[in-house]
Amino acid sequence: MVTTTNVFITGCNRGIGKGLLTVYLSRPNHVVVGTARDISPSLSANLDAIPSGENSRLILLKLDSASTTDASDVVNTLKSAHEISHLDIVIANAGISSYFGPARVTPPEEMLSHYTVNTLGPLLLFQATAPLLDLGSSPKFVAISSGAGSISGMDNLKVENTAYGASKCALNFVTRKIHMENSSLIAFPINPGWLRTDLGNHAATGAGMEQAPVSVEDGIRGVVDKIDNATREFTSGKFLSGQDDTTLSW
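Heads up, the sequence shown is in the numbering used here, so the first residue is 1 and it goes up one at a time.
So this is what it looks like as structure tokens:
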């Protein structure tokens with residue numbers, strides 16, 4: 001009997017999320033659940049056109065990471081309408097980086113919006129998917145983080161990103177706490193690198209750069225490799241780099 005690997009990816013409409021979706025969908029015997037904040041006919045057509053491996057299929061659903069109910073609603077839909085009984089990999093990818101400015105003038109609403117999407121969103125995603133991960137094969141919960149979330153690395157990143165950096169730092173804490181509390185789960189945050197996505201290039205502009213330094217293709221390749229080879233003993237609970245074998249400092 002052929003075993004199906006079920007993968008859940010948030011923010012799959014562009015950038016890292018779309019790249020991850022493309023890789024997993026190309027593999028045989030995979031069901032890839034992709035979510036996005038808005039599901040338009042053009043997005044559906046675009047993602048449906050991505051080549052799929054033998055016996056693989058895409059399920060595309062709406063999930064707004066700023067919502068406190070969307071994650072649980074999506075999981076209920078997966079179970080009732082799509083007969084998904086387990087999840088093997090959940091990737092919390094959706095995120096925002098929409099404000100740059102020094103801490104002394106960062107508006108409270110920007111702190112709240114970044115925390116809501118980048119920290120609370122992944123936590124709610126884990127809470128909703130945990131029962132299905134419990135039934136998966138060597139289940140993995142992966143948070144797409146950032147070097148901006150490293151407190152010890154702040155001296156090397158001269159970007160006025162208090163809202164974004166603080167939210168990713170909190171995401172790292174949440175993900176490590178998930179690791180500590182779930183002994184049968186592989187859970188870790190990963191910094192894919194400063195990629196040439198819309199979000200990455202926007203951040204690069206804020207830092208006075210023309211574009212981000214790492215291609216999306218290289219970033220995706222690194223993240224997938226780390227997920228493929230992740231183990232509870234050597235990977236879970238660590239802050240990984242997608243570009244090399246470095247374990248990043250918190």
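Note that CB positions come from ideal geometry on N, CA and C, so glycine has one too. Given the structure is predicted, the values throughout are model-derived calculations rather than measurements.
inquiry  = Extract the residue ranges of the beta strand (DSSP E) inside the stretch 169-216, only unbroken runs of 3 or more that lie entirely within it.
reply    = 186-191
key: Backbone CA spacing between L199 and A81 [nearest angstrom]   = Taking the sequence shown and counting its residues from 1, one reaches residue 199 at position 199. Taking the sequence shown and counting its residues from 1, one reaches residue 81 at position 81. Using only the alpha carbons, I get a separation of about 33 Å.
query = In whole angstroms, what is the alpha-carbon distance linking N6 and R104?
reply = Indexing the sequence shown from 1 puts residue 6 at position 6. Indexing the sequence shown from 1 puts residue 104 at position 104. So the two alpha carbons sit approximately 44 Å from each other.
message = Count Cβ pairs between the stretch 124-132 and the stretch 211-230 that sit closer than 8 Å; are there 3 or more?
response = no
ask   = Do S137 and S113 have their C-beta atoms within less than 9 Å of each other?
value = Working through the sequence shown from its first residue, we reach residue 137 at position 137. Working through the sequence shown from its first residue, we reach residue 113 at position 113. For S137 and S113, no; Cβs fall outside 9 Å.
query = Span of the alpha helix (DSSP H) holding N46?
reply = As a working note, residue 46 is residue 46 in the sequence shown. It spans P41 to D48 - the alpha helix (DSSP H) in which N46 sits, taken as one unbroken run.
task = Please confirm whether H179 and L135 have their CB atoms less than 9 Å apart.
result = The residue you call residue 179 lines up with position 179 of the sequence shown. The residue you call residue 135 lines up with position 135 of the sequence shown. It is not a contact, given that the beta carbons lie outside the stated cut-off.
inquiry  = According to DSSP, simplified to helix, strand and coil, what is V223?
reply    = The residue labelled residue 223 in the question sits at position 223 within the sequence shown. Of the three classes helix, strand and coil, the one that applies to V223 here is helix, per DSSP.
key: 6 Å CB neighbourhood of R37 in its chain, flanking five on each side removed   = Indexing the sequence shown from 1 puts residue 37 at position 37. Correct list, in chain order: D64.
Buried or exposed by the 16-neighbour rule on C-beta atoms within 10 Å, applied to H30 = In the sequence shown, the residue the question calls residue 30 occupies position 30. H30 is buried by the Cβ-count criterion.
ask   = N46: which of G53, L58 and L133 sits nearest, CA to CA?
value = If you number the sequence shown from 1, residue 46 lands on position 46. Ranking the options by Cα distance to N46, first place goes to L58.
ask   = Cα-Cα, which of G121, V159, S183 and V33 is closest to S56?
value = Against the sequence shown, residue 56 aligns to sequence position 56. It is V33 whose Cα lies nearest to the Cα of S56.
request  = Can you tell me the Cβ-Cβ gap for I220 and V23, rounded? I've got them flagged as a contact below 8 Å.
outcome  = Position 220 of the sequence shown holds residue 220. Position 23 of the sequence shown holds residue 23. Indeed they touch by this definition, with Cβ atoms about 6 Å apart.
ask   = Three-state secondary structure (DSSP) at L21?
value = The residue you call residue 21 lines up with position 21 of the sequence shown. The answer is helix: DSSP assigns L21 an H, G or I state.
query = Since H82 is in the beta strand (DSSP E), which residue starts that stretch and which ends it?
reply = Walking along the sequence shown from the start, residue 82 turns up at place 82. It is not in any beta strand (DSSP E) - H82 carries neither H nor E in the DSSP assignment.
query = With which residues is A92 paired in a DSSP beta bridge?
reply = As a position in the sequence shown, residue 92 is number 92, starting the count at 1. Per DSSP, A143.
ask   = Would the beta-carbon of K168 fall within 9 Å of that of N118?
value = To locate residue 168, count along the sequence shown from 1; it is residue 168. To locate residue 118, count along the sequence shown from 1; it is residue 118. Cβ atoms of K168 and N118: closer than 9 Å.
One or two residues paired with R57 in a DSSP bridge = In the sequence shown, the residue the question calls residue 57 occupies position 57. Beta-bridge pairing links R57 to V31.
task = Pick helix, strand or coil for G2, following the three-state DSSP scheme.
result = In the sequence shown, counting from the first residue as 1, residue 2 sits at position 2. Correcting the residue type first, residue 2 is Val in the shown sequence and not Gly. Correct three-state label for V2: coil.
query = By how many angstroms is the C-alpha of L123 removed from the C-alpha of S249?
reply = By 1-based counting over the sequence shown, the position of residue 249 is 249. By 1-based counting over the sequence shown, the position of residue 123 is 123. Roughly 21 Å between the two C-alpha positions.
request  = Out of F188, L60 and T205, state which residue places its alpha-carbon closest to the alpha-carbon of P41.
outcome  = Reading the sequence shown from its first residue, position 41 is the one you call residue 41. With distances taken between Cα atoms, P41 lies closest to L60.
message = Using only the alpha-carbon positions, how far apart do L133 and D88 sit?
response = On the sequence shown, residue 133 is found 133 positions in, with the first residue counted as 1. On the sequence shown, residue 88 is found 88 positions in, with the first residue counted as 1. Answer to the nearest angstrom: the Cα atoms are 6 Å apart.
query = Taking just the CA atoms, how far does T3 sit from K158?
reply = Here residue 158 corresponds to residue number 158 of the sequence shown, with the count starting at 1. Here residue 3 corresponds to residue number 3 of the sequence shown, with the count starting at 1. If I take the Cα positions, the gap works out to 47 Å.
key: Close Cβ partners of N13 (< 7 Å) along its chain, the five nearest in sequence each way excluded   = The count along the sequence shown starts at 1 and reaches residue 13 at position 13. Same-chain partners within the cutoff: A36 and L43.
task = Note down the Cα distance separating P139 from I186, rounded to an integer number of angstroms.
result = Here residue 139 corresponds to residue number 139 of the sequence shown, with the count starting at 1. Here residue 186 corresponds to residue number 186 of the sequence shown, with the count starting at 1. The alpha-carbon atoms of P139 and I186 are separated by roughly 6 Å.
key: Limits of the unbroken alpha helix (DSSP H) element including Q127   = The count along the sequence shown starts at 1 and reaches residue 127 at position 127. Its alpha helix (DSSP H) spans residues G121 to L133.
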